[in-house]
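Just so we're aligned: 104 in UniProt numbering is position 104 of the sequence shown, and the numbers increase by one with no gaps anywhere. Backbone N, C-alpha and C define an ideal beta-carbon position, used for all residues, glycine too. Note that the structure is predicted; figures quoted are calculated from it, not measured.
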Amino acid sequence: MATLTTARRIVVKIGSALLVDRETGDLRADWLHSLAADVTWLKGNGTDVILVSSGSIALGRGVLGLPMTALSLEQSQAAAAVGQIRLARAYEEALTPHDIKTAQVLVTLEDSENRRRYLNSRATLETLLSLGVVPIVNENDTVATDEIRYGDNDRLAAQIAVTVGADQLILLSDVDGFYTGNPSDDPDATRYDVIHHVTPEIEAMAGDAGSGLSKGGMKTKLMAAKMATAAGCDMAITEGSPLNPLKTLENGANCTWFTATLDPQAARKRWIAAMKPRGEIIVDAGAAGALGNGKSLLPAGVTEVTGDFGRGDPVAIMDTNARKLGQGLSRYTAQEADAIKGRRSSDIEPTLGYPGRAALIHRDDMAL
């Protein structure tokens, strides 16, 4: 198992019970500052870090004096609206002394199910990471309804890990791994160190949510593991309550690792290759050669566009002899691609009337 310091990109999920004292509703500031020190340590090793943080509703509940019992949808949304401000400010205040910039990214399930919004989310996160920013991601509970909710941040964290091609997903939890049974009820329950495949037998061992502040349970963590590992991302479940939880994990803390069989980029390209293309983009010999050398597809190398596809849809990439070179996700609609074919990137804005991306298909969104 690779260590955290060798990962190129890590997503860390933080549960409400770790951030918010369940008795007082106050932020656990000492713990958060120790996490900030861990993030600084990882970034110092050249690792991109994204934090998927629960806690907005729990913080807002305390500020508004709402009961610890189940809240109505409207109460949850109101608590989230109050708590999101405090949560973002807390992360900013914890990381600023380390000269690390933060950004708040609020998402819903629709942002991953709608391909255009998925690509926008991915582009935003990639840009933030390239600028050295630590994105703080949470579900947009102020607007989300049951129909457009993830419902738990375990699966949201897995989706973010898939979106950004993370190497590792770390679930900081109130348990130190995955057990054969509930260790609170079963004295014979044993913890798995490594799980290579989530089998039906493993799934049958999962219980339900335990903490009063969190929505997740082992079932959601297994769903997250299946999603992450299928995309080439290793996942760990570990006890998050100690100070400096990531360094504690690196130094050998109890945990369960779920292993991926592919690296993230290979998994993503396999996924793209398996899609049914919605159109074709024919490229000249110069572009075909550039693609073979690992370059993105620029409009200048395109000679013809066929089909009716939208932004983010899969398209076949063909040479002028009708030989398929591969396929990828288009950053433009068919109409836009046809308008800018053969043109330089600097001509995109004058042609379309608005700024566009330089590549028609980025190399990360292409399987050859």
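In its own chain, which residues sit with a C-beta less than 7 Å from the C-beta of residue i, not counting the 5 before and 5 after it?
| i | result |
| --- | --- |
| residue 90 | 27, 32 |
| residue 343 | 299, 300, 351 |
| residue 185 | none |
| residue 213 | Note that residue 213 scores a pLDDT of 37, beneath 50, so its modelled location is shaky and nothing firm can be said. |
| residue 181 | 189, 205 |
| residue 88 | 104, 136 |
Should residue i and residue j be called a contact, given that it needs their Cβ atoms to be closer than 8 Å?
| i | j | result |
| --- | --- | --- |
| residue 331 | residue 357 | yes |
| residue 19 | residue 53 | yes |
| residue 236 | residue 218 | no |
| residue 277 | residue 314 | yes |
| residue 302 | residue 337 | yes |
| residue 317 | residue 328 | yes |
| residue 137 | residue 107 | yes |
| residue 82 | residue 102 | no |
Output needed for residue i: all residues of its chain with C-beta closer than 8 Å, excluding positions within five of it in sequence on either side, in chain order.
| i | result |
| --- | --- |
| residue 25 | 58, 59, 61, 62, 63 |
| residue 30 | 243 |
Could you spell out the range, first to last residue, of the alpha helix (DSSP H) harbouring residue i?
| i | result |
| --- | --- |
| residue 338 | 334–340 |
| residue 38 | 29–44 |
Going by DSSP, which residues form a beta bridge with residue i?
| i | result |
| --- | --- |
| residue 369 | Residue 369 cannot be examined here, being either before or after the span of the chain that is shown, 1 to 368. |
| residue 135 | 103 |
| residue 369 | The chain is shown from 1 up to 368; residue 369 falls before or after that span and cannot be answered. |
| residue 308 | Paired residues: none, contrary to the question. |
| residue 168 | 10, 234 |
So residue i is in the beta strand (DSSP E); what residue range does that whole segment cover?
| i | result |
| --- | --- |
| residue 281 | 279–283 |
| residue 9 | 9–14 |
| residue 324 | 324–329 |
| residue 316 | 314–319 |
Among the residues of its own chain, which have a CB less than 6 Å from the CB of residue i, if the five just before and after it don't count?
| i | result |
| --- | --- |
| residue 323 | none |
| residue 258 | 195, 225, 229, 235 |
| residue 111 | 117, 121 |
| residue 365 | 328, 329 |
| residue 147 | Confidence is the limiting factor: at residue 147 the pLDDT is only 47, short of 50, which leaves the residue's position unreliable and the question unanswerable from this model. |
Is the shortest distance between the beta-carbon of residue i and the beta-carbons of chain B less than 8 Å?
| i | result |
| --- | --- |
| residue 336 | The question asks about chain B, but that chain is absent: this structure has only one protein chain. |
Pairs of beta-carbons, one from the segment 32–39 and one from the segment 68–78, closer than 8 Å: are there three or more?
The segment 32–39, when compared against the segment 68–78, does not touch it at the 8 Å Cβ threshold.
Using a Cβ distance threshold of 8 Å, determine whether the segment 160–177 contacts the segment 241–253, with at least three qualifying pairs required.
The segment 160–177 vs the segment 241–253: in contact.
Take every Cβ of the segment 222–234, pair it with every Cβ of the segment 154–165, and state whether three or more of those distances are shorter than 8 Å.
Because the criterion of three Cβ pairs below 8 Å is met, the segment 222–234 and the segment 154–165 touch.
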